[in-house]
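Working notes for the structure below.
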């Protein structure tokens, strides 16, 4: 029985699918009272899981919530939301599901955060663990909620952790932790301050036994930790990428481990992701044979710089998961050397208050033109009105890119924006892009 819940008055805020396992867990641990809240007045409440529980919809009330011993919020509820902030100020314990998980989890836990790349690293770490024969569970911000993973037989949990989740888990003690990078993202939540955003990413290191940071990104360097610290990156890092004669190698403590061209994932950014997994796996004591087997078989996640096809010498890449500028930059840096003839970039959507000016540095170099669409298209157009071409939507962007492309070039969907202005999500955006490319290929071959 979880003593932090037993005989306590508990409020759970958020009735979405991701909270179902959490609600079941709290319900099973004998709270004195359990009340479910959701700010969405249209949320369905006839779920059998909610049977026998109080369910309240609508705006949150400080006077109503301050009588609870424990308030559990979903990651989508900001700790800066006025009611939640007031509760914390009054001493009410406000946590997320990761904190409750941390209090009862018995296996080793690896935590991965960062603005970009964390899903690929999480998935590859899971594959390495499986190759090593470990009983592994992969999830958190990556697909499966932690209370769907919790099982006493699991030897290793690999968790992708967002800054939102790290806000509310002070007890998380990780076997190994990494922050891959920090770039502008979610600044609408963090008062426009990247340093505040970075401070919540830093929480991943607080109780970690092993800490891995990005040698080339100072914001990832641990501030407070008693654990062993190592770095990944380029020259000077403990785990480094080394270039010799145009061939890139992943090196561990000065010794070459594998050539990047032996990996099944593309670009320098993905070589860095693999390097992170090499470091974390080594820290966990996983055998090199398992690491190599995973490196040579893992083909990456959908919508993350995947090669869709080649049509008449033009390569098409789906990087729909690139929902911020830094992620798009990573794709351009990774694919630029592969396509010296140039890249036609498809970008646009909901900008989340980002600064798009860093993309200007790639125009005339890696990028020939940016085909711009979506709600915040004008903000991207402002960086270079001549080489940025405004179109109605992604499909028109693809058609225009096809008219401009020639052999050796790449057409890259890497939007640098969220997708909800025109699509259900980045998966929908990527799937529609892939379908459009495949339809074009069929017509060109016919």
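Residue numbers (our numbering): 11 to 456.
Using N, Cα and C, we set each Cβ at its ideal position, and we do this for glycine too.
None of these values were measured; they are calculated from a predicted model.
Is the distance from the Cβ of residue i to the Cβ of residue j below 8 Å?
i	j	result
residue 380	residue 355	yes
residue 130	residue 314	yes
residue 102	residue 76	yes
residue 151	residue 181	no
residue 169	residue 149	yes
residue 222	residue 188	yes
residue 160	residue 107	no
residue 311	residue 133	yes
residue 282	residue 302	no
residue 369	residue 387	no
residue 322	residue 413	no
residue 215	residue 234	yes
residue 7	residue 407	Shown here, the chain extends from 11 to 456; a query on residue 7 therefore has no answer.
residue 116	residue 85	no
residue 139	residue 166	yes
residue 294	residue 249	no
residue 28	residue 232	no
residue 404	residue 443	yes
residue 98	residue 105	no
residue 44	residue 63	yes
residue 290	residue 391	no
residue 262	residue 288	yes
residue 192	residue 318	no
residue 432	residue 359	yes
residue 78	residue 19	yes
residue 22	residue 46	yes
residue 2	residue 88	Because the chain in this structure spans residues 11 to 456, residue 2 falls outside the shown range and cannot be described.
Look up residue i in the DSSP assignment and give the residues it is bridged to.
i	result
residue 321	324
residue 356	381, 423
residue 150	170
residue 241	223
residue 46	22, 65
residue 118	166
residue 268	260
residue 104	81
residue 249	242, 262
residue 70	DSSP lists no partner for residue 70.
residue 186	120
residue 398	380
residue 428	360
residue 437	Residue 437 is not bridged to any residue.
residue 254	257
residue 160	Its beta-bridge partners do not exist; DSSP assigns none.
residue 316	328
residue 373	377
Any idea if residue i is buried or exposed, counting beta-carbon neighbours within 10 angstroms, 16 or more meaning buried?
i	result
residue 325	buried
residue 24	buried
residue 147	buried
residue 203	exposed
residue 349	buried
residue 238	exposed
residue 299	exposed
residue 449	exposed
residue 17	exposed
residue 111	buried
residue 452	exposed
residue 61	exposed
residue 128	buried
residue 174	buried
residue 93	buried
residue 11	exposed
residue 304	buried
residue 396	exposed
residue 124	buried
residue 271	exposed
residue 51	exposed
residue 411	buried
residue 378	buried
Within 8 Å (strictly less), CB to CB, does residue i reach chain C?
i	result
residue 349	The structure shown contains no chain C; it holds only a single protein chain.
Touching by the beta-carbon criterion (3+ pairs, under 8 Å), the stretch 321–340 and the stretch 434–446: yes
contact_flag[the stretch 58–71, the stretch 118–138] where n(CB pairs < 8 Å) is 3 or more: No contact exists between the stretch 58–71 and the stretch 118–138.
Sufficient close CB pairs (3 or more, under 8 Å) joining the stretch 348–367 to the stretch 422–433: yes
Three or more C-beta pairs below 8 Å linking the stretch 333–349 and the stretch 160–179: no
The stretch 268–279 in contact with the stretch 342–352 per 3-pair CB rule at 8 Å: yes
Cβ pair count under 8 Å reaching 3, the stretch 213–227 against the stretch 243–253: yes
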